[in-house]
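With the numbering used here, letter number 279 in the sequence shown gets 358, and the count goes up by one each step, no holes.
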Amino acid sequence: MLWLGNIKGSPISVRLQNQKVQEVSGNLLFLKSSMTSDFSRFPRGLNEVPRWKATEFRLFLLYIGPIVLKDILNNECYLHFMCLHICFRILLVKNSSDELVGFVEKLLSYFVQKFGIIYGQKFMSHNVHGLLHIVDDYKQFGPLDELSSFPFENYMKSLKKMVRKHKKPLEQVIKRYQELLEFSNKPPISNLLPHNSIEYKKPHNNGPILGNVTSQFQIVIVNYDVKIKTNSITDCFIGFSKEGILHIYKVLNICCNHITGLNFFVAKEFNNIEPFYDKPINSLKLGVAYVSNLSENIVPITISHSFQKYIVFNFHNNKQIALPILHSLNN
């Protein structure tokens, strides 16, 4: 992070004063209480940046960076950061519209061009230049998570054990892997898991309910990945767009009627939904919003695969910022 001034030669014009650094660190720690179970690590202060893991930088870029840097960075640097944030939120979602993908292509070109102007040409690494080609990867392979190498990081130890000498390491790994497949009769995991799965857990009878229900649950798991929990203060938010209008809810109960086959959330809707940012794009187009004024009325929301799980950050001055959790958009 060139704003911190801990990288030799970073321009003085973009460096944050120590007071601002402390403020950002305090805000990062403040957001810990809003984190959902989808994240393996919680935010840490900027003093720990040298020890941040890749997943923490991802969390910062995609979720919490826009919140904690707002009104901290100067306008030029903040807008520049937001360009990268927006581009990756779009490129991590399946089937983003051609209009949005075209917008990302232009935005990344602007980001790379401005990077050298703001931070200096000497920091224009291959990684920065490579952003110009990342839209082509999206068009060819789909969401960036589907071509990410991070899932294989946990297997580095196993891969190293497959290499017995310096000569031809790749061939050795492939040979050992083929041997493992040969002696293992297990089918690929993807063949064992049915798609469009909805699983209900933790039955209870505490309500609230609407109409006739035969069962109530505290947890629903969609496609083995997206968990909505009414017994959690953070894992209970959902949202979706209907006729171009964004709706965001807090789920209070999960109800099923085994006779009619109707399963639904009992929820309260946020009455006020406003853009969190409007440059370089209106945040509502990405499902990101300020939310407030939770309704007193409860409504039923049919449980399907079309809803998105949300993370709602409680910030200072009673502000709440809602963002869709990206992997729930791809279910």
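Backbone N, C-alpha and C define an ideal beta-carbon position, used for all residues, glycine too.
Computed from a predicted model, the values in this text were never measured in an experiment.
Same chain only: Cβ atoms within 7 angstroms of residue i, ignoring 5 sequence neighbours per side
| i | result |
| --- | --- |
| Ser-294 | Pro-282, Cys-335 and His-337 |
| Phe-343 | Cys-334, Pro-379, Ile-380, Thr-381 and Ile-382 |
With 16 other Cβ atoms within 10 Å as the buried cut-off, status of residue i
| i | result |
| --- | --- |
| Ser-175 | buried |
| Asn-332 | buried |
| Asn-396 | exposed |
| Leu-325 | buried |
| Asn-106 | buried |
| Leu-125 | buried |
| Ile-390 | buried |
| Gln-257 | exposed |
| Met-235 | exposed |
| Gly-286 | exposed |
| Pro-90 | exposed |
| Phe-296 | buried |
| His-205 | exposed |
| Ile-268 | Model confidence at Ile-268 stands at a pLDDT of 48, short of 50, so the residue's coordinates are unreliable and nothing is read from them. |
Backbone secondary structure at residue i - three-state DSSP
| i | result |
| --- | --- |
| Thr-293 | coil |
| Glu-250 | helix |
| Glu-261 | helix |
| Asn-351 | strand |
| Ser-269 | Bear in mind that the predicted position of Ser-269 carries a pLDDT of just 48, short of 50, making it too unreliable to give a figure here. |
| Asn-36 | Outside the displayed range of the chain (80 to 410) lies residue 36, so it cannot be described from this structure. |
| Asn-332 | strand |
| Phe-386 | coil |
| His-283 | strand |
| Phe-394 | coil |
Close Cβ partners of residue i (< 8 angstroms) along its chain, the five nearest in sequence each way excluded
| i | result |
| --- | --- |
| Asn-270 | In this prediction, Asn-270 has a pLDDT of 46, which is less than 50 and means its spatial position is unreliable; what the coordinates show is noted afterwards. Nothing listed; no residue qualifies. |
| Pro-248 | Val-242 |
| His-208 | Val-191 |
| Ile-317 | Ile-307, Ile-327, Tyr-328, Val-330, Phe-344, Ala-346, Ile-380, Phe-386, Gln-387, Lys-388 and Tyr-389 |
| Phe-194 | His-159, Phe-202, Met-203 and Val-207 |
| Ser-374 | Lys-347, Glu-348, Phe-349 and Asn-350 |
| Ser-113 | Thr-313, Ile-390, Val-391, Phe-392 and Asn-393 |
For residue i, the nearest candidate out of the options (CA to CA)
| i | options | result |
| --- | --- | --- |
| Arg-168 | Leu-325, Val-183 and Leu-95 | Val-183 |
| Ser-237 | Leu-289, Asn-372 and Val-252 | Val-252 |
| Glu-155 | Val-301, Ile-307, Arg-94 and Val-172 | Arg-94 |
| Val-100 | Met-114, Leu-81 and Leu-211 | Leu-81 |
| Val-292 | Lys-132, Phe-355 and Leu-341 | Leu-341 |
| Asp-117 | Asn-361, Ser-311 and Leu-363 | Ser-311 |
| Ile-404 | Asn-372, Ile-298, Val-367 and Ile-377 | Val-367 |
Contacting residues, own chain, Cβ-Cβ under 6 angstroms from residue i (five flanking each side not counted)
| i | result |
| --- | --- |
| Val-370 | Ile-327, Phe-349, Ile-352, Gln-399 and Ala-401 |
| Cys-166 | Val-183, Leu-186 and Leu-187 |
**Minimum length 3: unbroken beta strand (DSSP E) runs contained in the stretch 166-233** = none
**Message:** Restricting to runs no shorter than 4 residues, where is the alpha helix (DSSP H) found entirely within the stretch 85-154?
**Reply:** 97-109, 133-138 and 144-147
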